[in-house]
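Student: My questions all concern the structure below.
Here's what the structure looks like:
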């Protein structure tokens, strides 16, 4: 049983998250501002914090800073601020994820699960010598067993999708255009059906990403190509 | 009354009667004057009047003078002939002194004999002069002078010797005292015989007419007493009537001015005066000549003069009545025009005082220098000074032109939108300095205005962003609880339907708030661009791949026409995708299912690439392309479906932000988007 602290000055939002997470079998603690949240953290063992940013007394970012002074509890920021610099600022302060309001409950659940799994089994996934296993963040591609794991959960890919993903993760951080991917995966020049690759990649994204429109692993650089984000 | 005034017939009669009455007045006055002069005798015939006597006497006196002049050789009026007796005869044609004597000369015969030489001066051509001299003594009217004695039966000459004698006197001017005095003409040396002989010449001549008129006047002494008052009253009445009636026509309130009435009054007046002078002179001359034909002419000319006077008079009256008399003077027009010009000049002088002053000083300087050089021209210094002046002028003009150029460039910069324009006005002088100061003011005002508008745009965006944050929080709860409601096991069919609506609307509200923020950000240019080389082919492969499932759902066929070679543009990859995404998502929403979608990429003159995306709308597009690109506008039918109506507006703003052009064309059901981008190399 994991303890999740939900912090938001809007009681109804806290209530709704409470219902969702309880259904998933989590134990929920509530706080309605930053100071309360810090108190709860002091007094309880918390596995995950869902933290609103705009709150009275102590806002989410200040609270996060406090927490990060001595704790590594994963924090998901939840905010109506949807600007890039808000997200980047939050993540740089040590947040593990960032969800904008109004959120999709399913996405929230998926992110909570993902973050928790990563936190709990942090470091447990070890790259074994000689094995053809490629990993970035919570994404793991095993070329031996042809399995793909996202946050310890297996994802089913077709053979083509697997080959594309394997090629990209082998060269993570590098951007490949469609013809390059075609050449490398099929070992031949591809003409005509170029957008087939794009379709495959969208499918891969839909399978491995929580929000395919804002992918975390398989990124699209429009008009340039695709890449797998290199996460340490 | 008005009928009388506007009666054409009455006017016509008045116009005709008026000259007749005036003529009668004139004739009556003449008649009176004649009677005053000659009417105090009982004479009923012209030959009994003083006038006849005068003319007779003057004729004789003048011819004696002529004879003297002929003898002295001062004149050659007489023609030398010979008679049977062998005397020397000098003959003067009777018509020689025609007009002055009104023809009396035709009826007077004279024989003047010079006592010294016995030469004969005469106006008759006969064989025997001695015999004629005897005849003359028995004529009905005669005048003879012999040995200082006058013999005559002309009554007036007998009765009024003093008056008669004036004919034999003449005026001389004393050269020393400069005074005039009369002297009696010396006729001592002459013997004169003369007679009046009205029967002698046959035919109708002017003298007969004159005689007739005079005799008529003498015989009807009381006639003008009746005619004059009648004529005066008639003239007066007609004049008053015409004064009232001129200019009035039927059914017309105002005085109607014809073309003639608008001509300058002076023109009319002077032309009238000149014509009048000519015709009146002619008429007087005709009266002087006084035969039947010339008298008819005189009357005709009188009427012509009357018509001229009438025209001038009528137009004068009309002008006065229309209150345009003074205004119709050319002088008045000229004067008022000059006055207005002068006023203008003074006003502009006042306004442009400094410019005029400056011009004045410059010009004065120029003139003084010119005069100085002209004065020094022969000294040689002038050439040095002139060259110096030229050089100085060259540098002045050069500096002036360069400074002007500077100001022009600054203005051009402002015009092109640079907002950091600052002119160095230190080295400028006079009007250029003023201009520079103004340009700097404008530039700083301009950049302030830009700053202000940027600031207000930013504030607007901030406001919208903040408001949207405030909306998002309650919206989160709505969405979440609707979602939770959906998961409740609700049996009521209606409740479930309502929840479904709530779900849709709250999702739409979410999309709206997101788009609203984006639109305000993008339209105010409040976004950071991360420009990189974008491959068009790659972009469309990716985006079409992305939307392939959705296109296939609607059975839309994508027809692409993209050149094989790499075409790259500079753009922000994410925002470019937003544009394409918006367009594609519109296509999936609004395109006619099972139709084709064309994507054509064409290089345009090696610098630009044109991307056109065409599709057939499923609904009638009853809206203009401009309207479509405005915020919150969609085709009518699409209004109540998903989407915020901001998609095209955002796409357009994003394109323009990245230096591209975004254009929509609607042609029937064809919906076409043209993107134009500069290619990068």
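Chains as they are written, first to last, in our numbering: chain A, 1 to 232; chain B, 1 to 681. Quick reminder that beta carbons are idealized off the backbone N, C-alpha and C, glycines included.
From what residue to what residue does the beta strand (DSSP E) around residue 591/B run?
Tutor: Translated into the one-based positions of the second chain, residue 591/B becomes position 591. Where residue 591/B is concerned, there is no enclosing beta strand (DSSP E), given that its DSSP letter is neither H nor E.
Student: I want to see whether chain B comes within less than 8 angstroms of residue 162/A, judged by CB atoms only; does it?
Tutor: What you label residue 162/A is simply residue 162 of the first chain in a count that begins at 1. No, no contact with chain B.
Student: List the residues that DSSP assigns as beta-bridge partners of residue 261/B.
Tutor: As a position in the second chain, residue 261/B is number 261, starting the count at 1. Paired residue(s): none; residue 261/B is not in a bridge.
Student: Does residue 72/A pass the burial test, meaning 16 or more other C-beta atoms within 10 Å, or should it be called exposed?
Tutor: Sequence index remark: in the first chain, residue 72/A carries index 72 (1-based). With fewer than 16 other Cβ atoms within 10 Å, it is exposed.
Student: What number of angstroms, rounded off, separates the C-alpha of residue 123/B from the C-alpha of residue 285/B?
Tutor: The residue you call residue 123/B lines up with position 123 of the second chain. The residue you call residue 285/B lines up with position 285 of the second chain. Taking the straight line from one Cα to the other gives about 26 angstroms.
Student: Could you tell me which chain A residues have their CB closer than 9 angstroms to the CB of residue 573/B, listed as they occur along the chain?
Tutor: Taking the first residue of the second chain as position 1, residue 573/B is located at position 573. Those within 9 angstroms of residue 573/B in chain A are 220, 221, 222, 223, 224.
Student: For residue 59/A, which residues of its own chain have a beta-carbon under 8 angstroms away from its beta-carbon, when the five flanking residues on both sides are left out?
Tutor: In the first chain, the residue the question calls residue 59/A occupies position 59. Cβ within range, chain order: 34, 53.
Student: For residue 1/A, is the classification buried or exposed, using 16 other Cβ atoms within 10 angstroms of its Cβ as the cut-off for buried?
Tutor: Position 1 of the first chain, counting from 1, holds the residue named residue 1/A. With fewer than 16 other Cβ atoms within 10 Å, it is exposed.
Student: I'd like the list of long-range same chain contacts for residue 234/A, defined as Cβ closer than 7 angstroms, with 5 residues on each side in sequence excluded.
Tutor: In the structure as shown, chain A begins at 1 and stops at 232. Residue 234/A is therefore absent and cannot be evaluated.
Student: Just to make sure I have the definition right: I need the residues of chain B whose C-beta is within less than 9 angstroms of the C-beta of residue 103/A. Which are they?
Tutor: What you label residue 103/A is simply residue 103 of the first chain in a count that begins at 1. Chain B residues near residue 103/A: 476, 479, 480.
Student: Pick from 610/B, 479/B, 80/B: whose alpha carbon is nearest that of residue 67/B?
Tutor: The residue given as residue 67/B occupies position 67 in the second chain. The candidate whose alpha carbon is nearest that of residue 67/B is 80/B.
Student: Using the Cα positions of residue 160/B and residue 149/B, report the straight-line distance between them to the nearest angstrom.
Tutor: Counting from 1 along the second chain, the entry for residue 160/B is found at position 160. Counting from 1 along the second chain, the entry for residue 149/B is found at position 149. In this predicted model, residue 160/B has a pLDDT of only 49, less than 50, meaning its place in the structure is not dependable; the value taken from the coordinates is given anyway. If you take the alpha carbons of residue 160/B and residue 149/B, they lie about 16 angstroms apart.
Student: At a Cβ threshold of 8 angstroms, is residue 415/B touching chain A?
Tutor: The count along the second chain starts at 1 and reaches residue 415/B at position 415. Answer no: the Cβ-Cβ gap between residue 415/B and chain A never drops below 8 angstroms.
Student: In angstroms with no decimal places, state the Cα-to-Cα distance between residue 537/B and residue 572/B.
Tutor: Translated into the one-based positions of the second chain, residue 537/B becomes position 537. Translated into the one-based positions of the second chain, residue 572/B becomes position 572. Taking the straight line from one Cα to the other gives about 16 angstroms.
Student: For chain B, find out if any of its Cβ atoms is closer than 8 angstroms to the Cβ of residue 81/A; answer yes or no.
Tutor: Here residue 81/A refers to the residue found at position 81 when the first chain is read from its first residue. It does: the Cβ of residue 81/A has a partner Cβ on chain B nearer than 8 angstroms.
Student: Could you have a look at residue 532/B and say whether DSSP puts it in helix, strand or coil?
Tutor: Along the second chain, one-based indexing puts residue 532/B at 532. Strand, per DSSP.
Student: Once the 5 residues before and after residue 28/B are set aside, which same chain residues still bring their CB inside 7 angstroms of it?
Tutor: Here residue 28/B refers to the residue found at position 28 when the second chain is read from its first residue. Around residue 28/B: 224, 227, 228, 231.
Student: How would you call residue 105/A, buried or exposed, if buried means at least 16 neighbouring beta carbons within 10 angstroms?
Tutor: By 1-based counting over the first chain, the position of residue 105/A is 105. So residue 105/A ends up on the buried side.
Student: To test your reading of the DSSP string, which unbroken alpha helix (DSSP H) runs of 4 or more residues are found completely within the segment 350-426 of chain B?
Tutor: DSSP runs (the alpha helix (DSSP H)) wholly in the segment 350-426 of chain B: 353-375, 381-415.
Student: Between 313/B, 292/B, 585/B, which has its C-alpha nearest residue 243/B's C-alpha?
Tutor: Position 243 of the second chain holds residue 243/B. It is 313/B.
Student: Am I right that residue 31/A and residue 546/B are in contact with their C-beta atoms under 8 angstroms? What's the rounded C-beta distance?
Tutor: As a first step, residue 31/A must be located in the first chain, where it is residue number 31. As a first step, residue 546/B must be located in the second chain, where it is residue number 546. About 41 angstroms separates the two Cβ atoms, so there is no contact after all.
Student: What would DSSP say about residue 222/A, mapped onto helix, strand or coil?
Tutor: Translated into positions along the first chain, residue 222/A becomes position 222. Three-state result, residue 222/A: coil.
Student: Contact between the segment 609-623 of chain B and the segment 644-656 of chain B: three or more CB pairs below 8 angstroms?
Tutor: No: the two stretches stay apart, fewer than three of their Cβ pairs being nearer than 8 angstroms.
Student: In angstroms with no decimal places, state the Cα-to-Cα distance between residue 401/B and residue 427/B.
Tutor: The count along the second chain starts at 1 and reaches residue 401/B at position 401. The count along the second chain starts at 1 and reaches residue 427/B at position 427. If I take the Cα positions, the gap works out to 13 angstroms.
Student: Using only CA atoms, which one of 540/B, 110/B, 670/B lies nearest to residue 134/B?
Tutor: Counting from one through the second chain, the residue named residue 134/B turns up at place 134. Nearest C-alpha to residue 134/B: 110/B.
Student: On the DSSP letters alone, give me the boundaries of the beta strand (DSSP E) that residue 142/B sits inside.
Tutor: Against the second chain, residue 142/B aligns to sequence position 142. Run containing residue 142/B: 141-146, per the beta strand (DSSP E) assignment.
Student: Residue 682/B to residue 417/B, Cα distance in whole Å?
Tutor: Because chain B is modelled from 1 through 681, residue 682/B falls outside the range shown and cannot be assessed.
Student: Would you say residue 59/A faces chain B, with C-beta separation under 8 angstroms as the test?
Tutor: Stepping through the first chain from its first residue, residue 59/A is reached at position 59. Closer than 8 angstroms: no.
Student: Report yes or no: is there a C-beta of chain B within less than 8 angstroms of the C-beta of residue 68/A?
Tutor: Stepping through the first chain from its first residue, residue 68/A is reached at position 68. It does not: the Cβ of residue 68/A has no partner Cβ on chain B nearer than 8 angstroms.
Student: If you measure from the beta carbon of residue 95/A to each beta carbon in chain B, is any gap under 8 angstroms?
Tutor: Along the first chain, one-based indexing puts residue 95/A at 95. Not closer than 8 angstroms to any Cβ of chain B, the Cβ of residue 95/A fails to qualify, so no.
Student: Can you round the beta-carbon distance between residue 195/B and residue 141/B to whole angstroms, since I take them to be within the 8 angstroms contact cut?
Tutor: In the second chain, the residue the question calls residue 195/B occupies position 195. In the second chain, the residue the question calls residue 141/B occupies position 141. With 8 angstroms as the limit, residue 195/B and residue 141/B qualify as a contact, their Cβ atoms being about 7 angstroms apart.
Student: Of the residues that make up the segment 580-603 of chain B, which ones have a beta carbon closer than 7 angstroms to any beta carbon in chain A?
Tutor: Residues: none.
Student: Could you work out which residue in 149/A, 200/A, 226/A is closest to residue 133/A when comparing CA atoms only?
Tutor: Along the first chain, one-based indexing puts residue 133/A at 133. For residue 133/A, the nearest C-alpha among the options comes from 149/A.
Student: By the criterion of Cβ-Cβ separation under 7 angstroms, what are the contact partners of residue 31/A in chain B?
Tutor: Counting from one through the first chain, the residue named residue 31/A turns up at place 31. What residue 31/A touches in chain B: nothing, since even the nearest Cβ is about 17 angstroms away.
Student: Could you tell me the alpha carbon to alpha carbon distance between residue 211/B and residue 136/B, rounded to whole angstroms?
Tutor: Translated into positions along the second chain, residue 211/B becomes position 211. Translated into positions along the second chain, residue 136/B becomes position 136. Approximately 22 angstroms, taken between the alpha carbons.
Student: Between residue 294/B and residue 19/B, what straight-line distance do the alpha-carbon atoms span, to the nearest angstrom?
Tutor: Numbered from 1 along the second chain, position 294 holds the residue referred to as residue 294/B. Numbered from 1 along the second chain, position 19 holds the residue referred to as residue 19/B. Approximately 19 angstroms between the Cα atoms of the pair.
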